[in-house]
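S.K.:
Chains as they are written, first to last, in the numbering used here: chain L, 1 to 328; chain Z, 1001 to 1341.
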């Protein structure tokens, strides 16, 4: 690089000073605009890394299909007996959380939510097996108080001796699921799980306009907070990730009366079909795979089943569990 | 005296000046690209960040009106205040079913619970969907039509199910859902619907496409308007579909009025390509419909053609002859309609 013969020292100093001032000004403006922290999480607490594993390795992968079920209580008792009895899952002193589907403020008649009779019976069985406490919760789509009141779940839970936990903002904490695409720093209803030793999911079988079906894995959607409806854009993935996030002790799929069309809200009794089946199992993917058949579908028709299996949440081949069939 | 080279370097149009200008332009171009990049990336938030920013602030709004949503007949009273949901909040009320309404042009939902006086356990939930147009209201009405529905005499698009009443009236779609089978409660469903219609007079919604389906074998109550992604095909929108029963088998005839004949022909071609991409075997069929394509796929038959501004055809027919016969009758009706100015 050669020196410019027309540039004298004064001119050089002037240009250098102007260039320096420009750099300083740009740097100053950038440092004022720079946010070294970025948007923070919802609370100051660090994101939880996941939920505890509530499964019982010694219970293995068990599944029972109770056919001809008209009386939910009886069907639940028989199905549980067939896979070792409630005592195989609930021990003396356990603190149990029952996650119901109370998504809508609609009457039990419409089968859009977990039936209160099933909630009541499960609480009785847990307490009979020696559970120290039973909690019931959900974060419904509609107003929680209305949902628990109008579905009958709130009253059923209280009468059976459970503690009903309605969601409040302070009960949510951000959670990041390892390797997840969607569940990252997302608010999850964690407070009701505090001190809990066993987790049971109770879900009705329903058609679902967006995902194809709402069963036990979709039921965990009610643990999410925030503007969770944005997950509807990728509902198959969020259901699979939820199944990965939650490892329950036991799941129950109530297909005594199934919403076979216009789900998940339904509205007419014509949307319902008496399928008279109740499924109890420890593998939520397998239970959903069987549930699909009651909607006239196969597991292959519902992509979230294969996705959940790929993530290691369970097996879509429910026959491999040699499900026990009982007449209810 | 400076040499020729030095003179060139400092003349306004000299090589060094041009090089400096070029370098300056390149720097500006890089800065512009960086600015565009930053501008576009700043809108791609992680869902968790969106959630953080939005918080739980978006909630259902109380209805703007303090009046009850429906005129309440004697013996009924409001159990809850009216609520209002818009496109942003609809899923807070109906969750996964929101997409059905949003794809059909949904504008607003007003809802309220109404109870029998003195019987708070006997209640009706009223859902009033403003769909923006009569055709949109018909779309959501027809797609959810229940099999056990009994038509109601006081409105063209209305039926009673065992525990509920469903009605499309003007640009509104109304659902009245009872909490149980209490006879007094069920009796009040019709009174509420009539009151709703009286309060919002609307001209009878003529859904002209309904009359374009041939009558023989038609299940008239089953004519439905699919607003988007008909038969799983992206871009196949505003499709009327009707179920036909022939010799114990079922098939579906469909039609969609497009902006002009060229658009209809283009859409027919792209639908045929879609079916071929999924393993369909196409063959031309000039009779009874000129220019139609028959596609054999998954042990069933599809017929696709265009007639004037209409895309039309037959979907999931059990055999080729039946599919072509119904296509011929449909094409005749569409030919007549295309002639009408």
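For each residue, glycine too, the CB sits at the ideal point set by N, CA and C.
(1) Does DSSP put residue 1051 of chain Z in a helix, a strand or coil?
(2) Below 8 angstroms between beta carbons: does that hold for residue 220 of chain L and residue 240 of chain L?
(3) Listed from N- to C-terminal order along the chain, which residues in the segment 206-222 of chain L have their beta-carbon within a distance smaller than 7 angstroms of any beta-carbon of chain Z?
(4) Per the DSSP calculation, residue 1302 of chain Z is bridged to which residue(s)?
(5) By DSSP, does residue 106 of chain L sit in helix, in strand, or in coil?
(6) What would DSSP say about residue 1368 of chain Z, mapped onto helix, strand or coil?
(7) Can you give me the C-alpha to C-alpha distance between residue 1091 of chain Z and residue 1152 of chain Z, rounded to a whole angstrom?
(8) Which same chain residues end up closer than 7 angstroms to residue 1291 of chain Z when comparing Cβ atoms and leaving out the 5 residues on each side of it in sequence?
(9) Using C-beta distances below 8 angstroms, list every residue in its chain close to residue 107 of chain L, excluding the 5 sequence neighbours before and after it, in chain order.
(10) Taking the beta strand (DSSP E) that residue 1183 of chain Z belongs to, which residues open and close that run?
(11) So which of Z/1192, Z/1110, Z/1024 and Z/1020 has the shortest CA-CA distance to residue 1072 of chain Z?
(12) With a threshold of 8 angstroms between beta-carbons, can residue 130 of chain L be considered close to chain Z, or not?
(13) Could you check where the beta strand (DSSP E) with residue 303 of chain L kicks off and where it finishes?
(14) Using the rule of at least 16 other Cβ atoms within 10 Å of the residue's Cβ for burial, across every protein chain shown, is residue 291 of chain L buried or exposed?
(15) Strictly below 9 angstroms CB to CB, what residues from chain L border residue 1093 of chain Z?
(16) Can you tell me where the alpha helix (DSSP H) holding residue 259 of chain L begins and where it ends?
(17) Go ahead and pull the three-state DSSP assignment for residue 238 of chain L.
(18) Taking the alpha helix (DSSP H) that residue 293 of chain L falls in, what are its first and last residues?
(19) Residue ranges of each alpha helix (DSSP H) run of no fewer than 4 residues wholly in the segment 22-98 of chain L, ordered along the chain?
(20) Name, please, each residue of chain L whose Cβ falls closer than 7 angstroms to the Cβ of residue 1097 of chain Z.
(21) Looking only at its own chain, which residues have a Cβ that is under 6 angstroms from the Cβ of residue 1182 of chain Z, when we skip the five neighbours before and after it?
(22) Going straight from the alpha carbon of residue 163 of chain L to that of residue 192 of chain L, what length do you get?
(23) So if DSSP puts residue 1266 of chain Z in a beta bridge, which residue, or which two residues, is it bridged to?
(24) If residue 250 of chain L and residue 282 of chain L are in contact, beta carbons under 8 angstroms, what's the gap, nearest whole angstrom?
(25) Going by the DSSP bridge assignment, what does residue 207 of chain L pair with across the sheet?
(26) Got a sec: is the Cβ-Cβ distance from residue 1299 of chain Z to anything in chain L below 8 angstroms?
(27) Distance check for residue 1134 of chain Z and residue 1169 of chain Z, CA to CA, integer angstroms please.
(28) Could you spell out where the beta strand (DSSP E) holding residue 1244 of chain Z opens and where it closes?
(29) Please name the residue, chosen from Z/1034, Z/1069 and Z/1020, that lies closest to residue 1199 of chain Z on a Cα-to-Cα basis.
(30) Note down, in chain order, each residue of its chain lying with its Cβ closer than 8 angstroms to the Cβ of residue 158 of chain L, except the 5 sequence neighbours on either side.
(31) Could you tell me which residues DSSP pairs with residue 1112 of chain Z in its beta bridges?
(32) Assuming residue 1206 of chain Z and residue 1223 of chain Z are in contact, meaning their beta carbons sit under 8 angstroms apart, how far apart are those beta carbons, in whole angstroms?
(33) Using the beta-carbon of each residue, which ones in chain Z are nearer than 8 angstroms to residue 270 of chain L?
(34) How is the alpha helix (DSSP H) around residue 1140 of chain Z delimited, first residue to last?
(35) Leaving out the 5 sequence neighbours to the left and right, which residues in its chain are closer than 7 angstroms to residue 1271 of chain Z when beta-carbon positions are compared?
(36) Apart from the five residues on each side of it in sequence, which residues of its chain come closer than 8 angstroms, Cβ to Cβ, to residue 1180 of chain Z?
M.R.: In short, the structure shows the following:
(1) Taking the second chain and counting its residues from 1, one reaches residue 1051 of chain Z at position 51. Here residue 1051 of chain Z scores only 48 on pLDDT, less than 50, and its place in the model should not be relied on; the value that follows carries that caveat. Helix, per DSSP.
(2) Reading the first chain from its first residue, position 220 is the one you call residue 220 of chain L. Reading the first chain from its first residue, position 240 is the one you call residue 240 of chain L. No.
(3) Those would be 208, 209, 210 and 211, in chain order.
(4) One-based indexing of the second chain puts residue 1302 of chain Z at position 302. Paired residues: Z/1295.
(5) Position 106 of the first chain holds residue 106 of chain L. Coil at residue 106 of chain L, not helix or strand.
(6) Absent from the structure is residue 1368 of chain Z, since the part of chain Z shown begins at 1001 and ends at 1341.
(7) One-based indexing of the second chain puts residue 1091 of chain Z at position 91. One-based indexing of the second chain puts residue 1152 of chain Z at position 152. Whole-angstrom Cα-Cα distance: 30 angstroms.
(8) Position 291 of the second chain, counting from 1, holds the residue named residue 1291 of chain Z. The residues are 1305.
(9) For the purposes of this step, residue 107 of chain L is taken as the residue at position 107 of the first chain. The beta carbon of residue 107 of chain L sits closer than 8 angstroms to the beta carbons of 150, 151 and 152 from its chain, once the five residues preceding and following it are set aside; these are given in chain order.
(10) Reading the second chain from its first residue, position 183 is the one you call residue 1183 of chain Z. In the DSSP assignment, residue 1183 of chain Z falls outside any beta strand (DSSP E) and lies within the alpha helix (DSSP H) extending over 1183-1199.
(11) Taking the first residue of the second chain as 1, we reach residue 1072 of chain Z at position 72. For the set Z/1192, Z/1110, Z/1024 and Z/1020, the Cα lying nearest the Cα of residue 1072 of chain Z is the one of Z/1192.
(12) Reading the first chain from its first residue, position 130 is the one you call residue 130 of chain L. Not closer than 8 angstroms to any Cβ of chain Z, the Cβ of residue 130 of chain L fails to qualify, so no.
(13) By one-based count along the first chain, residue 303 of chain L stands at place 303. Residue 303 of chain L: not part of any beta strand (DSSP E); member of the alpha helix (DSSP H) spanning 303-310, first to last residue.
(14) For the purposes of this step, residue 291 of chain L is taken as the residue at position 291 of the first chain. By the beta-carbon neighbour count (other beta carbons within 10 angstroms, threshold 16), residue 291 of chain L is buried.
(15) Locating residue 1093 of chain Z in the second chain gives position 93, counting from the first residue. Neighbours of residue 1093 of chain Z on chain L, chain order: 104, 141, 142 and 265.
(16) Start at 1 with the first residue of the first chain, and residue 259 of chain L comes out as number 259. It is not in any alpha helix (DSSP H) - residue 259 of chain L instead sits in the beta strand (DSSP E) that spans 250-259.
(17) On the first chain, residue 238 of chain L is found 238 positions in, with the first residue counted as 1. Secondary structure at residue 238 of chain L: helix, using DSSP grouped into helix, strand and coil.
(18) As a position in the first chain, residue 293 of chain L is number 293, starting the count at 1. Where residue 293 of chain L is concerned, the enclosing alpha helix (DSSP H) stretches over 284-294.
(19) Runs found: 72-82.
(20) Indexing the second chain from 1 puts residue 1097 of chain Z at position 97. Result: 209, 264 and 265.
(21) Here residue 1182 of chain Z refers to the residue found at position 182 of the second chain. Within the same chain, residue 1182 of chain Z has close Cβ partners 1122.
(22) For the purposes of this step, residue 163 of chain L is taken as residue 163 along the first chain, with counting starting at 1. For the purposes of this step, residue 192 of chain L is taken as residue 192 along the first chain, with counting starting at 1. Their Cα atoms are separated by approximately 10 angstroms.
(23) Against the second chain, residue 1266 of chain Z aligns to sequence position 266. DSSP lists no partner for residue 1266 of chain Z.
(24) Stepping through the first chain from its first residue, residue 250 of chain L is reached at position 250. Stepping through the first chain from its first residue, residue 282 of chain L is reached at position 282. 6 angstroms between Cβ atoms; contact.
(25) Counting from one through the first chain, the residue named residue 207 of chain L turns up at place 207. Paired residue(s): L/213.
(26) Your numbering for residue 1299 of chain Z matches position 299 in the second chain. By this cut-off, residue 1299 of chain Z is not an interface position.
(27) The count along the second chain starts at 1 and reaches residue 1169 of chain Z at position 169. The count along the second chain starts at 1 and reaches residue 1134 of chain Z at position 134. Using only the alpha carbons, I get a separation of about 7 angstroms.
(28) Counting from one through the second chain, the residue named residue 1244 of chain Z turns up at place 244. Boundaries of the beta strand (DSSP E) around residue 1244 of chain Z: 1239-1246.
(29) In the second chain, the residue the question calls residue 1199 of chain Z occupies position 199. Of the candidates Z/1034, Z/1069 and Z/1020, the one whose C-alpha sits nearest the C-alpha of residue 1199 of chain Z is Z/1069.
(30) Counted from its first residue, the first chain places residue 158 of chain L at position 158. The beta carbon of residue 158 of chain L is closer than 8 angstroms to those of 164 in its chain, skipping five residues each way along the sequence.
(31) The residue given as residue 1112 of chain Z occupies position 112 in the second chain. Residue 1112 of chain Z pairs with Z/1126.
(32) Taking the second chain and counting its residues from 1, one reaches residue 1206 of chain Z at position 206. Taking the second chain and counting its residues from 1, one reaches residue 1223 of chain Z at position 223. Between residue 1206 of chain Z and residue 1223 of chain Z the beta-carbon gap is near 13 angstroms, outside 8 angstroms, which marks them as no contact.
(33) Sequence index remark: in the first chain, residue 270 of chain L carries index 270 (1-based). The contact set of residue 270 of chain L on chain Z, defined by CB atoms closer than 8 angstroms, consists of 1146, 1147, 1148, 1149, 1161 and 1162 in chain order.
(34) Position 140 of the second chain, counted from the first residue, corresponds to residue 1140 of chain Z. Counting along the chain, residue 1140 of chain Z sits inside the alpha helix (DSSP H) bounded by residues 1134-1143.
(35) For the purposes of this step, residue 1271 of chain Z is identified with residue 271 of the second chain, where counting begins at 1. Excluding residues within five positions, the ones whose Cβ falls inside 7 angstroms are 1233, 1236 and 1304.
(36) Position 180 of the second chain, counting from 1, holds the residue named residue 1180 of chain Z. Around residue 1180 of chain Z: 1121, 1122 and 1163.
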